[in-house]
């Protein structure tokens with residue numbers, strides 16, 4: 001073999017190794033539970049009196065969006081609820097917003113944090129009486145908040161948070177569910193930092209976590225529920241879809257309410273690869289690693305994940321539960337395209353409600369009145385409709401923002 005051939009073979013091996021390394025790194029990033037959030041938001045100053053504080057922040061699409069939000073700081077030990085914009089200076093690149101309440105920590109001493117959509121730390125902060133309960137899951141007990149609806153409520157709402165989030169996320173929907181008379185169960189599930197971790201310590205992207213939702217449904221049915229509504233945010237949407245497809249209790253699920261859901265993981269992974277400037281071939285290889293047994297050593301998964309099983313655009317005719325999808329058209333993490341496409345393919349059962357300016361899973365934050373009105377109207381109709389999947393009045397006819 002000549003020198004050129006040897007050099008070529010060496011370069012080929014080097015490129016193959018680099019491709020494999022980048023693909024496995026990307027796959028592990030997707031599958032590894034979030035333990036620490038990136039404190040990527042500078043906190044310039046807190047001004048005003050102790051009775052009326054305002055915070056000055058860099059102006060970004062998130063911090064200049066209308067509505068209610070949280071700033072988390074001090075590694076997540078601090079949380080403050082942030083309200084209306086009082087001043088915005090595009091020239092200086094700053095925005096000033098009302099601090100509605102500091103739940104924990106010293107915001108005035110904080111210099112960095114992160115922006116979030118879960119505006120209440122617990123049900124009590126949202127004005128909701130609750131009980132802390134434990135749900136038996138694989139590996140132990142998972143804590144959950146129980147918020148009772150009307151006496152002997154026959155319909156229970158189970159709130160399924162997204163990747164890297166906690167049960168706080170579902171509090172935005174708890175008041176709406178209670179207004180409909182439903183009892184709510186805001187759950188934790190494997191690898192979220194509260195429930196027992198999975199043996200392999202990896203996300204199943206919905207293909208394993210649905211079993212913890214099934215355990216929550218078992219708890220609800222044993223405590224008086226007759227039918228279930230699943231609320232899911234982001235990956236919680238993918239989890240809810242798998243529960244509706246695979247659970248022994250699937251016939252008790254009367255509706256799905258999905259906010260910024262992952263409808264097709266293949267689409268999301270390809271989008272995230274492009275966003276992170278990962279070559280298309282490397283992105284496809286990372287999907288192969290996730291979905292094949294040969295990739296387990298590189299991904300850390302105990303078993304491969306069938307990504308095709310989580311492509312509900314392709315499986316549109318297998319979705320049998322009335323589903324409401326609320327999704328922002330500028331979602332910068334989970335593109336809304338598959339949500340709209342699923343509704344187009346299965347219009348009898350799927351209602352798509354587009355938002356704008358809400359980024360990822362912040363549809364309620366941007367316009368809580370609209371979010372609550374749409375969800376209440378749709379659920380009121382669907383839960384009383386004799387034929388599943390009939391559209392609620394005024395849903396897709398409502399003008400998007």
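Numbering (UniProt numbering), first residue to last: 1 to 401.
Where a beta carbon is used, it is the ideal one built from N, C-alpha and C, also for glycine.
Inset, instruction - Give the DSSP-derived three-state secondary structure of residue 169 in the structure shown. - result: Taking the first residue of the chain shown as 1, we reach residue 169 at position 169. Residue 169: helix per DSSP, three-state reduction.
Inset, instruction - Please look up how many angstroms separate the CB atoms of residue 290 and residue 22, rounded, as I've assumed it's under 8 Å. - result: The residue labelled residue 290 in the question sits at position 290 within the chain shown. The residue labelled residue 22 in the question sits at position 22 within the chain shown. With 8 Å as the limit, residue 290 and residue 22 do not qualify as a contact, their Cβ atoms being about 14 Å apart.
Legend entry - residue 146 versus 341, 159, 138, residue with shortest Cα-Cα distance: Locating residue 146 in the chain shown gives position 146, counting from the first residue. If we check each option's Cα against that of residue 146, 159 comes out closest.
Inset, instruction - Taking all protein chains shown into account, decide if residue 264 is buried (16 or more other Cβ within 10 angstroms of its Cβ) or exposed. - result: Your numbering for residue 264 matches position 264 in the chain shown. In the assembly as shown, residue 264 is a buried residue. Its beta-carbon has 16 or more other beta-carbons within 10 Å.
Legend entry - Integer-rounded CB distance, given that residue 157 should sit under 8 Å from residue 188: What you label residue 188 is simply residue 188 of the chain shown in a count that begins at 1. What you label residue 157 is simply residue 157 of the chain shown in a count that begins at 1. Their Cβ separation, rounded to whole angstroms, is 16 Å, which puts residue 188 and residue 157 out of contact at 8 Å.
Legend entry - Beta-carbon proximity check, residue 45 vs residue 73, cutoff 7 Å: Along the chain shown, read from residue 1 onward, the residue named residue 45 stands at position 45. Along the chain shown, read from residue 1 onward, the residue named residue 73 stands at position 73. Taking 7 Å as the Cβ cut-off, residue 45 and residue 73 do not qualify as a contacting pair.
Legend entry - Residue nearest to residue 242 in terms of C-alpha spacing, selected from 219, 212, 119, 71: As a position in the chain shown, residue 242 is number 242, starting the count at 1. Considering only alpha carbons, the answer is 212.
Legend entry - DSSP three-state assignment for residue 28, whether helix, strand or coil: Numbered from its first residue, the chain shown carries residue 28 at position 28. Reduced to three states, the DSSP call for residue 28 is helix.
Inset, instruction - Count the other C-beta atoms from every protein chain shown that fall within 10 angstroms of the C-beta of residue 249, then say buried if there are 16 or more, exposed otherwise. - result: Here the question's residue 249 lines up with position 249 in the chain shown. Buried is the call here.
Legend entry - At least three beta-carbon pairs within less than 8 Å, the region 252-271 to the region 357-364: yes
Inset, instruction - For the alpha helix (DSSP H) containing residue 285, list its first residue and its last residue. - result: On the chain shown, residue 285 is found 285 positions in, with the first residue counted as 1. Where residue 285 is concerned, the enclosing alpha helix (DSSP H) stretches over 280-291.
Inset, instruction - Kindly indicate the opening and closing residues of the beta strand (DSSP E) around residue 88. - result: Translated into positions along the chain shown, residue 88 becomes position 88. Start and end: 78-89.
Legend entry - DSSP state of residue 57 mapped onto helix, strand, coil: Translated into the one-based positions of the chain shown, residue 57 becomes position 57. Strand, per DSSP.
Inset, instruction - Using 10 angstroms around the beta-carbon of residue 384, count the other beta-carbons present and answer buried if the total reaches 16, otherwise exposed. - result: Within the chain shown, the letter at position 384 stands for residue 384. With fewer than 16 other Cβ atoms within 10 Å, it is exposed.
Legend entry - Host alpha helix (DSSP H) of residue 33 (start-end): On the chain shown, residue 33 is found 33 positions in, with the first residue counted as 1. Neither: residue 33 is in no alpha helix (DSSP H) and is coded neither H nor E.
Inset, instruction - Following the continuous beta strand (DSSP E) through residue 259, name the residue where it begins and the one where it ends. - result: Position 259 of the chain shown, counted from the start, is the residue given in the question as residue 259. First-last of the beta strand (DSSP E) with residue 259: 253-259.
Inset, instruction - Give every residue of the same chain whose Cβ lies closer than 8 Å to the Cβ of residue 121, excluding the five residues on either side of it in the sequence, and list them in chain order. - result: Here residue 121 is taken as the residue at index 121 of the chain shown, counted from 1. Sequence-distant Cβ neighbours of residue 121 in its own chain, meaning closer than 8 Å and more than five residues away, are 79, 103, 104, 168.
Legend entry - Same chain, Cβ closer than 7 Å to residue 331, five either side skipped, listed in chain order: Here residue 331 refers to the residue found at position 331 when the chain shown is read from its first residue. The answer, listed in chain order, is 260, 359, 360.
Legend entry - Given residue 116 as reference, the closest of 35, 252, 82 once Cα atoms are compared: If you number the chain shown from 1, residue 116 lands on position 116. Checked all of 35, 252, 82; the closest Cα to residue 116 is 82.
Inset, instruction - Please report how far the alpha carbon of residue 166 lies from the alpha carbon of residue 230, in whole angstroms. - result: Numbered from its first residue, the chain shown carries residue 166 at position 166. Numbered from its first residue, the chain shown carries residue 230 at position 230. Looking at the two C-alpha atoms, the distance is approximately 16 Å.
Legend entry - Cα-Cα separation, residue 19 to residue 245: Along the chain shown, read from residue 1 onward, the residue named residue 19 stands at position 19. Along the chain shown, read from residue 1 onward, the residue named residue 245 stands at position 245. Taking the straight line joining both Cα atoms gives about 35 Å.
Legend entry - Boundaries (first-last residue) of the beta strand (DSSP E) holding residue 237: Reading the chain shown from its first residue, position 237 is the one you call residue 237. Segment 235-246 is the alpha helix (DSSP H) holding residue 237; no beta strand (DSSP E) there.
Inset, instruction - Go through its chain and collect everything with a Cβ distance to residue 59's Cβ below 7 Å, but skip five positions before and after it. - result: As a first step, residue 59 must be located in the chain shown, where it is residue number 59. Here the set comprises 88, 90, 93, 94, 95.
Inset, instruction - Identify every residue that forms a DSSP beta bridge with residue 230. - result: Counting from 1 along the chain shown, the entry for residue 230 is found at position 230. For residue 230, DSSP records a beta bridge to 158, 256.
Inset, instruction - With a cut-off of 8 Å on the beta carbons, I'd call residue 327 and residue 336 a contact; round off their distance for me. - result: Within the chain shown, residue 327 is the residue found at index 327, counting from 1. Within the chain shown, residue 336 is the residue found at index 336, counting from 1. Indeed, because the Cβ distance is near 4 Å, the residues count as touching under 8 Å.
Inset, instruction - Could you work out which residue in 374, 308, 190 is closest to residue 325 when comparing CA atoms only? - result: Here residue 325 is taken as the residue at index 325 of the chain shown, counted from 1. Answer by Cα proximity: 374.
Inset, instruction - Would you be able to state if there are at least three C-beta pairs under 8 Å between the region 333-347 and the region 302-316? - result: The region 302-316 is in contact with the region 333-347.
Inset, instruction - Indicate the three-state DSSP secondary structure (helix, strand or coil) for residue 354 in the structure shown. - result: Locating residue 354 in the chain shown gives position 354, counting from the first residue. Three-state result, residue 354: strand.
Legend entry - residue 139 - DSSP class collapsed to helix/strand/coil: One-based indexing of the chain shown puts residue 139 at position 139. Note: residue 139 maps to coil in three-state DSSP.
Inset, instruction - Return the chain-ordered list of same chain residues with a C-beta closer than 7 Å to the C-beta of residue 114, the five sequence neighbours on each side being excluded. - result: Taking the first residue of the chain shown as position 1, residue 114 is located at position 114. Cβ neighbours of residue 114 beyond the five flanking positions: 37, 38, 39, 40, 41, 72.
Legend entry - Those residues which DSSP pairs with residue 145 across a bridge: Within the chain shown, residue 145 is the residue found at index 145, counting from 1. Residue 145 pairs with 132, 186.
Inset, instruction - Can you tell me which of 307, 106, 35, 62 puts its alpha carbon nearest to the alpha carbon of residue 239? - result: Here residue 239 is taken as the residue at index 239 of the chain shown, counted from 1. Ranking the options by Cα distance to residue 239, first place goes to 307.
Inset, instruction - To the nearest angstrom, report how far apart residue 364 and residue 270 are at their CA atoms. - result: Residue numbering aside, residue 364 sits at position 364 when the chain shown is read from its first letter. Residue numbering aside, residue 270 sits at position 270 when the chain shown is read from its first letter. So the two alpha carbons sit approximately 27 Å from each other.
Inset, instruction - Just the C-alpha distance for residue 329 and residue 255, rounded to the nearest angstrom, thanks. - result: Residue mapping note: residue 329 aligns to position 329 of the chain shown, counting from 1. Residue mapping note: residue 255 aligns to position 255 of the chain shown, counting from 1. Taking the straight line from one Cα to the other gives about 23 Å.
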